[in-house]
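Colleague:
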Amino acid sequence: VMEATFDKIFDLCLKTMIAAESEITPHLHQAANYRTNCFELFGCDVILDSSLTPHLLEVNVSPSLMGSSPLDKKIKGTVIADIFHIVGFYPHDHTLLKRYSR
Numbered sequence: 022v023m024e025a026t027f028d029k030i031f032d033l034c035l036k037t038m039i040a041a042e043s044e045i046t047p048h049l050h051q052a053a054n055y056r057t058n059c060f061e062l063f064g065c066d067v068i069l070d071s072s073l074t075p076h077l078l079e080v081n082v083s084p085s086l087m088g089s090s091p092l093d094k095k096i097k098g099t100v101i102a103d104i105f106h107i108v109g110f111y112p113h114d115h116t117l118l119k120r121y122s123r
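This is the structure in C-alpha cells:
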C-alpha cells in the first residue's frame, strides 16, 4: 500500500512538472547561461484522502530548507544531501585531499 501511494504521489508531481514545463523553461533560460550550472527545487504539497489518493495543494518555488524541529531538520538535511548528490557536488574530505595533493 505504501509503495503504491508513493508511486501515485510521484506520478502526480511528475505530471505537474510536465504541465508547467512551458512556463518554467523560459525562466530557466533567462537565469542560466548553461543548462548544467543551475537547478531549481520545487516543493509539492500533497494531501491524501481517506482512500490514499493524493491531491496536489500547491507547488512552492524554492521552498524553505530551514528546519524548525528535529524531524524537520532531519528531513530537510536529507533533501539537501540528495540535491548535492544529484548535481554532482560532494563534500570534500580533508584527509583525502592531503593524500592526493602530495
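So the working numbering is basically just the index in the sequence shown, starting at one, shifted up by 21.
Cβ atoms here follow ideal geometry from the backbone N, Cα and C, with glycine treated the same way.
Just so we're clear, the structure is a prediction, and the values are computed from it rather than from any experiment.
1) Roughly how many angstroms separate the alpha carbons of Ser71 and Arg120, rounded to a whole number?
2) State yes or no: is the C-beta of Val100 within less than 8 Å of the C-beta of Leu77?
3) Strictly by DSSP, which residues pair up with Gly64?
4) Report buried or exposed for Pro75, applying the criterion of at least 16 other Cβ atoms within 10 angstroms of its Cβ.
5) Name the residue from Ser90, Pro91, Leu73 whose alpha carbon lies nearest to the alpha carbon of Glu24.
6) List the endpoints of the continuous alpha helix (DSSP H) containing Ala25.
7) Can you give the beta carbon distance from Cys65 to Cys34, rounded, assuming they're within the 8 Å contact cut?
8) Here's a check: name, in chain order, each residue in its chain whose Cβ is nearer than 6 Å to the Cβ of Lys29, leaving out the five neighbours to either side.
9) Give the secondary structure of Pro91 by DSSP, where H, G and I count as helix, E and B as strand, and everything else as coil.
Modeller: Here's the rundown:
1) Position 50 of the sequence shown, counting from 1, holds the residue named residue 71. Position 99 of the sequence shown, counting from 1, holds the residue named residue 120. Whole-angstrom Cα-Cα distance: 56 Å.
2) The residue labelled residue 100 in the question sits at position 79 within the sequence shown. The residue labelled residue 77 in the question sits at position 56 within the sequence shown. No, these two residues do not count as a Cβ contact at 8 Å.
3) Position 43 of the sequence shown, counted from the first residue, corresponds to residue 64. Beta-bridge pairing links Gly64 to Asn81.
4) Numbered from its first residue, the sequence shown carries residue 75 at position 54. Buried is the call here.
5) Translated into the one-based positions of the sequence shown, residue 24 becomes position 3. Among Ser90, Pro91, Leu73, the Cα nearest to that of Glu24 is on Leu73.
6) Taking the first residue of the sequence shown as position 1, residue 25 is located at position 4. 23-52 is the extent of the alpha helix (DSSP H) around Ala25.
7) Position 44 of the sequence shown holds residue 65. Position 13 of the sequence shown holds residue 34. Contact holds; Cβ gap of about 5 Å.
8) Position 8 of the sequence shown holds residue 29. Around Lys29: Pro75.
9) As a working mapping, residue 91 is identified with position 70 in the sequence shown. Helix at Pro91.
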